[in-house]
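Report on the structure given below.
Number of protein chains: 2
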Amino acid sequence: MSRNLTLAVAQVGGINADDSKPHVVARLIGLLEEAAGRGADLVVFPELTLTTFFPRTWFDDEGAIDRYFEKSMPNSDVQPLFDRAQQLGVGFYLGYAELTGGGKRYNTAILVDKQGSIVGKYRKMHLPGHADKRQGLPNQHLEKKYFLEGDLGFGVFDFHGTKIGMCLCNDRRWPEVYRALALQGAEVVLLGYNTPDFVPGWQEEPHAKMFAHLLSIQAGAYQNSVFVAAAGKSGFEDGNHMIGGSAVVAPSGEILTKAAGEDDEVLVVKIDLDMSKPYRESVFDFDAHRRPDAYGIIAERKGRGEPLPVNFSVNA
Amino acid sequence: MSRNLTLAVAQVGGINADDSKPHVVARLIGLLEEAAGRGADLVVFPELTLTTFFPRTWFDDEGAIDRYFEKSMPNSDVQPLFDRAQQLGVGFYLGYAELTGGGKRYNTAILVDKQGSIVGKYRKMHLPGHADKRQGLPNQHLEKKYFLEGDLGFGVFDFHGTKIGMCLCNDRRWPEVYRALALQGAEVVLLGYNTPDFVPGWQEEPHAKMFAHLLSIQAGAYQNSVFVAAAGKSGFEDGNHMIGGSAVVAPSGEILTKAAGEDDEVLVVKIDLDMSKPYRESVFDFDAHRRPDAYGIIAERKGRGEPLPVNFSVNA
């Protein structure tokens with residue numbers, strides 16, 4: 000008997016700084032309803048779904064960013080999304096800017112089950128960019144200024160019998176993320192992202208943005224025998240362009256569905272969770288093949304350092 | 000000033016069980032001479048370059064495999080390759096089956112400098128396949144029977160000022176390999192492989208063999224800001240088919256050169272080692288962005304297990 004999950008990815012076109020949260024939430028409800036109508040069990044929304052990607056902007060007055068943060072979840076602005084999802088019996092993943100009661104700021108995602116309960120929470124572990132103001136550039140990348148590094152680790156949560164891991168945007172480029180989740184039994188990894196064309200200090204070719212995004216999620220899926228469902232906030236936002244490319248990837252590493260455009264777009268795919276079994280039981284049978292005895296350096300070193308000594312003799 | 004290395008990948012078409020080693024070595028010398036004529040500093044040969052991929056065959060008499068193993072390196076069969084490389088001032092990477100004086104068997108690769116000295120050695124850490132005889136199949140995959148797991152770790156070696164890491168075949172599918180090498184400053188990762196169409200127990204689509212090979216080496220290069228040079232033993236060998244796809248990949252993850260066929264074929268590309276700098280100093284600045292505090296599970300767990308507890312509160 001196959002174990003099916005109907006997975007939806009809701010790509011969201013640009014959200015401008017002057018879009019009101021109730022207006023944004025109404026848009027998300029429209030996408031949720033489309034996904035539910037097409038049979039979705041779970042809808043993936045992007046990173047920082049409720050607002051513009053404000054880390055591109057330097058604010059001299061730090062208080063100016065408060066409007067982008069959620070002080071509780073759900074709150075009155077977001078409650079209609081929770082209510083509609085519960086009515087429709089659909090779960091969702093939602094990325095947003097979190098401000099805690101203690102005044103801490105995180106780039107956060109939650110997993111909400113079909114009954115409307117928040118059953119999982121993730122705070123972005125790999126914050127890209129910088130904390131200083133860079134001069135003479137079209138935009139900034141201030142995640143290291145506006146957010147604290149995540150403090151919840153890489154959690155795996157139960158969603159009606161499916162083991163779900165979460166991550167956010169830049170996390171997808173770090174193979175440790177998928178591996179830490181897979182070692183806890185994750186079957187599906189959910190990812191929200193905002194990927195601008197221009198990132199200060201990173202002189203990558205424009206075409207390579209999409210390539211590197213897809214390469215990262217496809218390798219993560221393949222090397223860990225998991226599905227990856229990635230939803231981007233895409234297209235033009237306050238005059239800045241972000242890539243599309245929202246997608247669902249199979250444990251083979253192959254793309255099952257991918258957004259064709261850069262605006263609001265719902266992708267739905269019925270996955271068979273057991274598709275990962277032949278991989279987990281052969282080439283990626285971790286118990287049979289992994290070598291944790293030789294992986295210590297990954298958790299011990301942060302940056303690049305000198306080679307470790309190797310005691311080899313040519314003929315030994 | 001750019002730092003250049005002219006890198007050659009020598010794909011080797013099938014080597015049959017009845018091909019003599021002197022004959023094989025003469026073929027390799029031909030490829031080496033072509034590479035040197037095109038300016039190569041370093042030539043990458045495949046895994047188990049000197050023989051057929053004998054782990055596909057079950058031998059009731061274990062002594063029957065001895066002929067495939069090298070008891071010293073170089074030995075009289077291989078000395079002509081060392082001599083010619085030294086004459087031409089070219090280094091090389093060579094994969095072969097190693098039998099130690101103590102009777103231990105490894106799937107091994109060596110790095111030889113331009114003066115003909117063996118300056119690095121690697122023993123395959125991730126042995127795929129099985130040790131038992133599988134019935135009713137066109138072939139076996141007996142690396143776990145014929146070899147011991149590598150005991151030298153992931154070493155990084157100096158090659159005339161370039162930091163070189165080595166791995167073999169199945170290692171390329173494990174992101175820990177590239178990461179362990181990159182954390183020791185590796186700039187180029189060398190890989191030899193034999194990838195048959197049919198692997199017992201792994202029901203992958205035929206087209207996906209090449210896809211998964213390229214996905215793995217491209218992701219390894221991109222996520223670690225290294226070049227990857229991969230040489231396959233390819234095409235038909237004793238009636239068994241193996242994929243081609245020998246290639247050099249840039250730190251962007253993009254393929255710089257790839258074999259078009261499945262027979263003997265030399266690829267040469269002049270790389271600028273500093274091409275990796277913009278990546279290492281921004282998106283993949285490990286010191287700025289990695290989270291080893293959360294990677295412990297990668298070195299602590301071998302197989303998939305239960306989720307770790309996550310202490311989150313919805314509004315905290």
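Protein chains in written order, with numbering that gives the first Met the number 0: chain A, 0 to 315; chain B, 0 to 315. Just so it is clear, CB atoms sit at the ideal spot from N, CA and C, and this is done for glycine as well. All values reported here derive from a predicted model rather than from experimental measurement.
Does the beta-carbon of residue i have 16 or more other beta-carbons within 10 angstroms, so that it is buried, or is it exposed?
i                      : result
residue 25 of chain B  : exposed
residue 310 of chain A : exposed
residue 235 of chain A : exposed
residue 108 of chain A : buried
residue 252 of chain B : buried
residue 119 of chain B : buried
residue 271 of chain B : exposed
residue 159 of chain A : exposed
residue 212 of chain A : buried
residue 40 of chain A  : buried
residue 140 of chain B : buried
residue 130 of chain B : exposed
residue 23 of chain B  : buried
residue 142 of chain B : buried
residue 169 of chain A : buried
residue 258 of chain A : buried
residue 220 of chain A : buried
residue 260 of chain B : exposed
residue 149 of chain A : buried
Check whether the Cβ atoms of residue i and residue j sit closer than 8 Å, and answer yes or no.
i                      : j                      : result
residue 248 of chain A : residue 266 of chain A : no
residue 293 of chain A : residue 152 of chain B : yes
residue 224 of chain B : residue 278 of chain B : yes
residue 171 of chain B : residue 190 of chain B : yes
residue 121 of chain A : residue 72 of chain A  : no
residue 156 of chain B : residue 187 of chain B : no
residue 68 of chain B  : residue 104 of chain B : yes
residue 70 of chain B  : residue 90 of chain B  : no
residue 65 of chain B  : residue 21 of chain B  : no
residue 178 of chain A : residue 174 of chain B : yes
residue 269 of chain A : residue 3 of chain A   : yes
residue 138 of chain A : residue 74 of chain A  : no
residue 275 of chain A : residue 250 of chain A : yes
residue 27 of chain B  : residue 5 of chain B   : no
residue 218 of chain A : residue 255 of chain B : no
residue 262 of chain A : residue 1 of chain A   : no
residue 210 of chain A : residue 303 of chain B : no
residue 313 of chain A : residue 216 of chain B : no
Restricting to Cα atoms, I'd like to know which of the options is closest to residue i.
i                      : options                    : result
residue 50 of chain B  : B:79, B:86, B:94           : B:94
residue 147 of chain B : B:153, B:168, B:124, B:131 : B:124
residue 264 of chain B : B:4, B:42, B:5             : B:42
residue 45 of chain A  : A:283, A:238, A:244, A:307 : A:244
residue 163 of chain B : B:182, B:149, B:88, B:205  : B:182
residue 199 of chain A : A:297, A:78, A:262, A:55   : A:55
residue 299 of chain B : A:276, A:291, A:303, A:302 : A:291
residue 180 of chain B : A:27, A:301, A:131         : A:301
residue 295 of chain B : B:307, B:286, B:285        : B:307
residue 135 of chain B : B:154, B:57, B:150         : B:57
residue 161 of chain A : A:210, A:208, A:150, A:110 : A:110
residue 207 of chain A : A:241, A:257, A:116        : A:241
residue 86 of chain A  : A:115, A:63, A:314         : A:115
residue 297 of chain A : A:204, A:154, A:176, A:222 : A:176
residue 222 of chain B : B:204, B:167, B:283        : B:283
Is there a C-beta anywhere in chain E that falls below 8 Å from the one on residue i?
i                      : result
residue 124 of chain A : Looking at the structure shown, chain E is missing, and the protein chains on hand are A and B.
May I ask you to verify whether the stretch 222-231 of chain B touches the stretch 191-199 of chain B, counting CB pairs closer than 8 Å and requiring at least 3? Short answer: they touch.
What are the uninterrupted segments assigned as alpha helix (DSSP H) that are 4 or more residues long and contained completely in the stretch 68-130 of chain B, given in chain order? 78-87
At a cut of 8 Å, does the stretch 26-33 of chain B reach the stretch 5-12 of chain B through at least three beta carbon pairs? yes
Counting Cβ pairs, one atom from each stretch, are 3 or more of them under 8 Å apart for the stretch 15-22 of chain B and the stretch 95-110 of chain B? no
Segment contact, 8 Å Cβ cut-off, at least three pairs: the stretch 72-89 of chain A with the stretch 126-135 of chain A: no
Whole runs of the beta strand (DSSP E) within the stretch 229-293 of chain A, excluding any shorter than 3 residues: 239-241, 246-248, 254-257, 264-271
Enumerate, from N- to C-terminal direction, the unbroken alpha helix (DSSP H) stretches of 4 or more residues contained entirely within the stretch 156-189 of chain A. Correct list: 174-181.
To test your reading of the DSSP string, which unbroken beta strand (DSSP E) runs of 3 or more residues are found completely within the stretch 34-59 of chain B? Given a length threshold of 3 residues, each whole run of the beta strand (DSSP E) inside the stretch 34-59 of chain B is given here in chain order: 41-43.
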